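Each number in the working numbering comes from the position in the sequence shown (counting from 1) with 2 added on.
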Amino acid sequence: MPQISCIYYERSPDAKVLIPSTIVEAVTNIPPRTQRNIISTGHVRTCHNVADSGPDPRGRKGAFNKSETSQVKDYLVDSTTSLDDKGAPWQDVVEDAGVALPQTYHFKPLGPRDMNSKGIQRVLKQEEGIINAVCEEEKELRQQLADERYEWCSNQLKARPYSKDWHNVYFCDEFHFGIGPQVTKRIKRPMGSKSRYAPENVHRKKVTAKNTKAKAREEGHLNLLSIFVVIGPNYRKMLPYDCGNSNGKMNNKVYIELLSQLVGDLQGKTLYQDKDSAHNSKAVKAWATKNGVSLLTSPGDSPDFSILETMAHPIKRLFHSRRSVSQKAVLERFANIFEKEMDMCKINELYIWYTKRLHECRRVGGQMTRY
């Protein structure tokens with residue numbers, strides 16, 4: 003009714019009928035200023051700020067209807083829509099989806115104009131949950147390596163087609179933790195360049211973030227504690243060890259010493275290992291053959307094939323949330339986190355869905371996956 007009343011009021015001068023603005027306000031709840039805008043523009047505005055007087059609250063009229071926002075969403079979730087098209091400006095995305103770009107009416111300057119990107123973004127987020135997010139990135143592997151990964155997945159799925167067939171495969175990996183001062187400190191400070199460059203907030207050090215951690219270790223600024231971890235269904239074990247060098251790289255002698263402590267646990271099992279020079283050496287293969295230990299070596303650059311790599315990130319994040327200044331403190335803290343985070347329920351759940359990650363790798367042609 004308020005809009006119909008406005009139409010009558012807007013046409014009343016043509017009929018030479020004078021209606022005082024006070025009467026119009028009493029009937030429609032539209033203030034005199036808005037009445038003058040309606041007459042001068044000839045455009046009936048939705049009464050956004052008028053208190054609802056009936057059972058059907060209308061609120062602000064949407065720029066898009068539901069079918070239009072659904073059409074834009076269908077366009078964005080379509081697998082044939084390229085990343086470049088998904089990264090286009092909001093106005094272009096709407097038009098590429100086949101939806102006419104809506105127009106909004108403005109008084110300064112007077113007239114209609116295309117809906118801006120913020121308005122489109124707000125509507126699509128509210129109605130369809132569409133956001134402008136940073137695209138997930140994965141390392142693009144060389145075609146030769148991708149083919150090697152694809153072939154490895156195919157062979158393993160033939161040998162172990164079901165997740166239950168992987169229950170006799172144990173996964174191993176090494177963890178390295180720095181002891182002492184951090185290579186890069188993270189401090190709490192007020193925002194802004196003034197606080198950022200304040201002398202008391204500048205960390206003067208011999209090795210900056212531009213240098214690698216390997217460089218820091220070689221120069222003796224970062225001591226490491228190394229821990230060898232093995233997990234399997236209803237099985238977990240951690241073995242601290244000394245690399246015998248400052249760069250954290252394990253040699254085949256140290257690796258054989260660690261495996262020697264696990265010979266009894268590995269009987270009848272297969273040990274999954276990454277393609278490290280120490281793991282894949284002739285000495286290790288000869289030792290495994292002699293002691294009846296079966297080894298399964300992954301292709302290079304394949305952390306997504308390891309269950310242990312999947313669990314490593316949350317463990318490292320928890321470990322680095324607190325400071326450890328001695329080797330004893332580091333070992334105790336890791337053991338505590340290891341017991342809590344490496345629980346059997348999580349490990350067994352990852353085994354249940356293990357073949358899924360191999361199938362997904364095949365679907366992307368051997369490229370890296372989200373695991």
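Each residue gets a CB set at the ideal place from its N, CA and C atoms; glycine is no exception.
All values derive from a computational prediction rather than experimental measurement.
Nearest by alpha-carbon distance to residue i: which of the options is it?
| i | options | result |
| --- | --- | --- |
| Asp16 | Thr36, Val29, Ile41, Gln369 | Ile41 |
| Asp80 | Val95, Pro91, Asn67, Ile317 | Val95 |
| Arg364 | Asp306, Lys166, Arg151 | Arg151 |
| Val118 | Gln93, Lys141, Asp98, Ala102 | Note on identity: in this sequence residue 118 is Asn, with Val being the wrong assignment. Nearest of Gln93, Lys141, Asp98, Ala102 to Asn118, Cα basis: Gln93. |
| Glu334 | Ser69, Ala280, Ile229 | Ile229 |
| Lys68 | Gly131, Ile32, Leu143, Ser262 | Gly131 |
| Ala65 | Leu261, Asp116, Leu20, Arg38 | Asp116 |
| Ala102 | His315, His178, Gln73 | Gln73 |
| Ile1 | Lys166, Asn39, Ala28 | A query on residue 1 cannot be resolved here, the shown segment of the chain reaching from 3 to 373 and no further. |
| Asn134 | Leu260, Lys120, Pro201 | Lys120 |
| Gln263 | Lys239, Arg35, Gln37, Ile32 | Lys239 |
| Ala280 | Asp267, Ile25, Leu260 | Leu260 |
Measuring only the C-alpha atoms, how far is residue i from residue j?
| i | j | result |
| --- | --- | --- |
| His223 | Val231 | Because the pLDDT of His223 is 46, which lies under 50, any placement of that residue in the model is unreliable, and the number read from its coordinates should be weighed accordingly. If you take the alpha carbons of His223 and Val231, they lie about 26 Å apart. |
| Leu78 | Gly89 | 10 Å |
| Ala297 | Lys75 | Note on residue identity: the sequence assigns Leu, not Ala, to residue 297. Approximately 47 Å between the Cα atoms of the pair. |
| Ala148 | Pro111 | 57 Å |
| Thr272 | Met252 | 21 Å |
| Gln123 | Arg13 | 37 Å |
| Ser23 | His108 | 23 Å |
| Trp154 | Ser308 | 13 Å |
| Phe336 | Ala288 | 33 Å |
| Leu226 | Ala161 | 39 Å |
| Pro192 | Arg324 | 22 Å |
| Ile233 | Asp345 | 10 Å |
| Leu85 | Thr371 | 17 Å |
| Pro301 | Asp276 | 7 Å |
| Ile317 | Lys342 | 10 Å |
| Ser304 | Ser195 | 41 Å |
| Lys330 | Gln145 | 45 Å |
| Ile32 | Asn39 | 11 Å |
| Gly367 | Pro114 | 49 Å |
| His315 | Pro201 | 34 Å |
| Thr82 | Ala99 | 13 Å |
| Gln369 | Asp87 | 22 Å |
| Asp175 | Glu142 | 23 Å |
Which of helix, strand or coil does DSSP assign to residue i?
| i | result |
| --- | --- |
| Val256 | helix |
| Ser14 | coil |
| Val204 | coil |
| Pro34 | helix |
| Leu121 | At residue 121 the sequence reads Gly, which differs from the Leu that was named. Helix at Gly121. |
| Leu126 | helix |
| Gly266 | helix |
| Lys110 | coil |
| His361 | helix |
| Glu176 | strand |
| Leu273 | strand |
| Glu220 | With a pLDDT of only 47 at Glu220, under the threshold of 50, the placement of this residue in the model should not be trusted; the figure read from the coordinates follows. The answer is helix: DSSP assigns Glu220 an H, G or I state. |
| Thr299 | strand |
| Leu241 | strand |
| Ser69 | helix |
| Leu422 | Residue 422 lies beyond the residue range present for the chain, which begins at 3 and ends at 373; the question has no answer from this structure. |
| Val231 | strand |
| Gln93 | helix |
| Arg115 | strand |
So residue i and residue j are supposed to be a Cβ contact under 8 Å. How far apart are they, rounded?
| i | j | result |
| --- | --- | --- |
| Thr357 | Tyr164 | 7 Å |
| Leu320 | Ile339 | 5 Å |
| Thr71 | Val125 | 7 Å |
| Asn236 | Val265 | Not confirmed; about 19 Å, so no contact. |
| Leu159 | Leu360 | 6 Å |
Can at least three beta-carbon pairs, one atom from the stretch 235-243 and one from the stretch 254-269, be found at a separation below 8 Å? Counting Cβ pairs under 8 Å, three or more are found: they touch.
Is there contact between the stretch 269-284 and the stretch 165-173, where contact requires at least three CB pairs shorter than 8 Å? Taking a cut-off of 8 Å for Cβ pairs, the stretch 269-284 and the stretch 165-173 touch, as three or more such pairs fall below it.
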